[in-house]
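Enquirer: Before anything else, here's the structure in question.
Numbering (UniProt numbering), first residue to last: 1 to 143.
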């Protein structure tokens, strides 16, 4: 039953839309749909950011699915859709989308928050940040 509640959990090479996640989890018995968009911002730790380039380990596809299944097991009455983008993203581009539906908002909010935290902790994705001073750095999303 848990797997039936995960509508999709994927890594994408192109643009992603939170509306696609929200549409996937909508159901007649769901009184709440909670969404999250992780968006590339123009700064990090006081430095201007120009772009991010996300890279994923080959195990990332299975890892994001396992995260969604684990969240579904902890919140069995929710539906889940999650997608993380890889490749070069500019300021304002969406890197992570999540949607969770449930009969009641409290469970949907709790599950969505856990989903975002677990994706960032457990899915092997790294990002290279390019700064406006000409430097760049690699950051692991794990940990």
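A virtual CB, placed ideally from N, CA and C, is assigned to each residue, including glycine. All values reported here derive from a predicted model rather than from experimental measurement.
Could you give the distance in angstroms between the alpha-carbon of residue 88 and the alpha-carbon of residue 55?
Expert: 9 Å
Enquirer: Measuring straight from C-alpha to C-alpha, what distance separates residue 102 and residue 132?
Expert: The alpha-carbon atoms of residue 102 and residue 132 are separated by roughly 42 Å.
Enquirer: Measure from the alpha carbon of residue 2 to the alpha carbon of each residue in 28, 31, 43 and 77, then state which is nearest.
Expert: 77
Enquirer: Counting only runs that start and end within the segment 9–59, where is the alpha helix (DSSP H) found for 4 or more residues in a row?
Expert: 18–25
Enquirer: In the DSSP assignment, what are the bridge partners of residue 89?
Expert: 52
Enquirer: What are the boundary residues of the beta strand (DSSP E) that includes residue 116?
Expert: From DSSP, residue 116 is part of no beta strand (DSSP E) but of the alpha helix (DSSP H) over 105–122.
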